[in-house]
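What follows is a single structure, written as structure tokens, with notes after it.
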Amino acid sequence: MKTLFLIATIFLTRMLIKAQEIFFPSKEGVVLEYKNYDNKNSETGTTRYTITKVNKMGNDMDITYIILKMDKDKKVQFDDEITVHYKDKKLHFDMSSIFRQSVLREKGELPKNFKISGSDVVTPSYLKVGDKLPDSHVNMAIKRGIINIKIAINITDRTVEALEDITVPAGIFEAYKINSKMSAKASIINKTSTSSEWLVKGIGMVKSESYDKKGELES
Numbered sequence: 001m002k003t004l005f006l007i008a009t010i011f012l013t014r015m016l017i018k019a020q021e022i023f024f025p026s027k028e029g030v031v032l033e034y035k036n037y038d039n040k041n042s043e044t045g046t047t048r049y050t051i052t053k054v055n056k057m058g059n060d061m062d063i064t065y066i067i068l069k070m071d072k073d074k075k076v077q078f079d080d081e082i083t084v085h086y087k088d089k090k091l092h093f094d095m096s097s098i099f100r101q102s103v104l105r106e107k108g109e110l111p112k113n114f115k116i117s118g119s120d121v122v123t124p125s126y127l128k129v130g131d132k133l134p135d136s137h138v139n140m141a142i143k144r145g146i147i148n149i150k151i152a153i154n155i156t157d158r159t160v161e162a163l164e165d166i167t168v169p170a171g172i173f174e175a176y177k178i179n180s181k182m183s184a185k186a187s188i189i190n191k192t193s194t195s196s197e198w199l200v201k202g203i204g205m206v207k208s209e210s211y212d213k214k215g216e217l218e219s
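What follows is the structure, given as structure tokens:
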């Protein structure tokens, strides 16, 4: 029953905001639920977005939502409030906000020796195949005793690869497929991966896949 309600909510939202060119739900109360799978197609958990507040400012808006991530045993791994910004016909997501919230949840406050900066992940309202989207990054630094820990995450080569129909448990959608590359560096550890995301107007992401540097599916 919960799945049926979720699907009905998604389709109702599409009808209500059909005229809006935004790759994210913008109606309070909407719930999106994603099933997470590993490279063997085994379910590893669930991620749920619940839209709690939409603050409209002319043609722009701030959309606040609760993101709840649980493992396959329903144990909560992440539960925080995030806000995305829609301005000048572009959706802005601050990657650093998730890391900042994680530290706040763990420590109760941001340590004085914790620094974080970065740029938004920006997705224009109007896409066409072949478009190159802006890069984004997050840099973090924290000092523990005499050890300085630095982490750098970069998302590059964001390209609109295709406009295609995609089938997911919630239905069939016409989606823009966006490919990107992510590199993460922490001290002497370096990791590079690529990903594909399928975005639908009025909903946002309906599916994502990540691959290791050899091109093999990770999740």
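Residue 70 in my numbering sits at position 70 of the sequence shown; the count goes up by one each step and never skips. By construction, the Cβ of each residue, glycine as well, lies at the ideal position given by its N, Cα and C atoms.
Counting C-beta neighbours from all protein chains within 10 Å, is the total for residue i 16 or more, i.e. buried, or is it exposed?
i: methionine 15; result: Since pLDDT at methionine 15 reaches only 44, below the 50 mark, its modelled position is unreliable, and no value is offered.
i: threonine 13; result: In this predicted model, threonine 13 has a pLDDT of only 46, less than 50, meaning its place in the structure is not dependable enough to derive any value.
i: methionine 140; result: buried
i: leucine 217; result: exposed
i: serine 136; result: buried
i: valine 138; result: buried
i: phenylalanine 220; result: As displayed, the chain neither begins before 1 nor continues past 219, which places residue 220 out of reach and without an answer.
i: glycine 204; result: buried
i: isoleucine 155; result: buried
i: serine 187; result: exposed
i: leucine 163; result: exposed
i: serine 42; result: exposed
To the nearest whole angstrom, what separates the beta carbons of residue i and residue j, a pair I think is in contact under 8 Å?
i: serine 160; j: aspartate 120; result: In the sequence under discussion, the amino acid at residue 160 is valine, which differs from the serine named in the question. At roughly 18 Å, the Cβ-Cβ gap does not stay under 8 Å, so valine 160 and aspartate 120 are not in contact.
i: isoleucine 98; j: threonine 83; result: At roughly 11 Å, the Cβ-Cβ gap does not stay under 8 Å, so isoleucine 98 and threonine 83 are not in contact.
i: threonine 50; j: valine 31; result: 5 Å
i: serine 219; j: asparagine 36; result: 7 Å
With respect to the beta strand (DSSP E) encompassing residue i, which residues constitute its N-terminal and C-terminal limits?
i: proline 124; result: 121-124
i: asparagine 36; result: 31-37
With distances taken from CA atoms, which of the options is nearest residue i?
i: serine 208; options: Val122, Thr167, Met70, Lys87; result: Thr167
i: glycine 202; options: Asp71, Glu216, Tyr126, Ser96; result: Tyr126
i: serine 117; options: Ser183, Ala152, Asp88; result: Ala152
i: asparagine 113; options: Lys150, Ser42, Ser196; result: Lys150
i: threonine 157; options: Asp73, Ser180, Ser136, Tyr65; result: Looking at the sequence provided, one finds aspartate at residue 157 rather than threonine. Here the closest residue by C-alpha is Ser180.
i: isoleucine 22; options: Tyr37, Val200, Thr52, Thr46; result: Val200
i: glycine 215; options: Met182, Met95, Ile66, Val30; result: Met182
Note down the Cα distance separating residue i from residue j, rounded to an integer number of angstroms.
i: isoleucine 142; j: lysine 115; result: 6 Å
i: threonine 44; j: isoleucine 146; result: 37 Å
i: isoleucine 178; j: valine 206; result: 12 Å
i: glutamate 28; j: threonine 192; result: 36 Å
i: isoleucine 172; j: glutamate 197; result: 15 Å
i: isoleucine 66; j: threonine 52; result: 7 Å
i: phenylalanine 93; j: alanine 170; result: 24 Å
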